[in-house]
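One structure below.
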Amino acid sequence: MVGSFGADAWVVPAGSVGPFTAPTTFQASWVAAVRRLPGVRAADPVAVASTTTSTPHVRPLYVTGVVPGGLGFQAAAAGPLGGDRAIVDAKLGLHPGQRVVLNGRPFTVSGLTHGRTVFAGWATGIVSLADLQRTALDGLPLATAILTRGVPSHVPPRFSLLTNAQVRTDLLRPVGSAKQTISLIRSLLWVVAGAIIGAMVYLSALERMSQFAVLKAVGVRTRSLVGSLLVEAIVAALAAAALAVGLERLIRPAVALSVEVPWTSYVLLPLVAIAIGVLASLAALRKAIAVDPALAFAAAAR
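Position in the sequence shown (from 1) plus 856 gives the number in the working numbering.
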């Protein structure tokens, strides 16, 4: 989302923590002063606003107003802007040529973006800056940020400079609590998975105590018994990991939020599963190591 604007830095009013969670308006004409700053090769104003669309049903839509052909226009490469034309995310379920109503004002969909959502699932739209000013800013020549190509050495009074990293942090701030909750649930599920695998391996070891005793009595090394239990636990953990990947692929289309799983997760998942499997089998391993070979003769006597 942030990278699609093609900016090296963001100039926002002083005191604003970010252009997405705390958009503060100012006169768009300030862009002239920013363009004269050392280090700035190009600069253009943008505005972001939360609107409501009633097509195909009522829902919030986060709209960005950009200067056609200027900085930020990279986000609008899917179609033309201006003249009450809008580019919306495919999440809305609309197609080019259809009408979308923003704050009661009709726009024609001129193109689609894919995967551009904010705040854990809000679809986004892109219009020209002039159209957004008429739709959400009472027709006033206002902006909420100035994008720059090149990083200025300083900014005008009453303004501050944000990097792309700071803007990304601002964009992710509203979903911070949700991410913490998901991380907590994930940790709890790993504990549950470990408990289930550990119980399975432990019960399996209990059922085979007499077999372990016989194997020890005939000279099978303890490490071979331990290895068999470890293999059982690791296979169970890897099977669970493979099942989880398959279920994630099946469930992803039904999730309301945009789901992106980094490739590192697919690499780490089996490694973590193996570690959990080994830890979960420790109780069973201790039981197998401590088994007395004399149990083999006791079982034979019975």
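Cβ atoms here follow ideal geometry from the backbone N, Cα and C, with glycine treated the same way.
Let me make sure I understand the geometry here. Which of the options has the alpha-carbon closest to that of residue i?
i	options	result
V1091	G1075, A999, R1024, A1136	A1136
G977	D900, L985, Y918	Y918
A1140	L1045, P1012, V965, Y1058	Y1058
S1009	V890, R1029, A1051	V890
V896	Q954, S1066, P924, V1011	V1011
T909	F861, G967, T991, A888	T991
R1014	S1121, A863, A870, S860	A870
I1130	L985, L1103, A1095, G874	A1095
S1066	L1081, T973, M1056	L1081
M1056	A1093, L1103, F1068	A1093
S1162	R1064, A1001, T980	Outside the modelled stretch of the chain, which goes from 857 to 1158, sits residue 1162, for which no answer is possible.
Measuring straight from C-alpha to C-alpha, what distance separates residue i and residue j?
i	j	result
A1157	A1061	Residue confidence is low: A1157 scores 49 on pLDDT, short of 50, so the model does not pin down where it sits. Its coordinate-derived value is still stated next. Looking at the two C-alpha atoms, the distance is approximately 22 Å.
V807	F975	This structure gives no information on residue 807, because the portion of the chain shown stretches from 857 to 1158.
R1029	L1138	41 Å
V1031	S1084	45 Å
A1144	K1072	10 Å
Q1022	I1132	36 Å
G935	L1044	45 Å
V956	L1124	43 Å
G939	L996	17 Å
V913	H951	Checking the sequence shown, residue 913 turns out to be His, not Val. If you take the alpha carbons of H913 and H951, they lie about 15 Å apart.
L985	T920	8 Å
S860	L1017	19 Å
L948	V1134	46 Å
D900	Q883	12 Å
I1041	V1048	10 Å
So what does residue i bridge to, in DSSP terms?
i	result
Q883	L998
I943	G967, I982
W866	L1003, L1018
V890	BP columns for V890 are empty, so no partner.
P962	V957
Mapping the DSSP letters down to three states, classify residue i as helix, strand or coil.
i	result
T973	strand
D987	helix
A903	strand
R1079	helix
G921	strand
T1019	coil
R897	coil
T909	strand
R915	strand
V1070	helix
V1087	helix
V956	strand
M1056	helix
T1037	helix
S1009	coil
P1030	helix
A1062	The amino acid at residue 1062 is misidentified as Ala; the sequence shows Leu. Here L1062 sits in helix by DSSP.
S860	helix
L1163	Because residue 1163 is not part of the residues shown, which for the chain are 857 to 1158, the question remains open.
Does the distance between the C-beta of residue i and the nearest non-hydrogen atom of the ligand SAH fall short of 7 Å?
i	result
V1031	Absent from the structure shown: the ligand SAH. Ligands present: none.
List, from N- to C-terminal side, the alpha helix (DSSP H) runs of 4 residues or more that fit wholly inside the segment 1099–1138. Correct list: 1119–1136.
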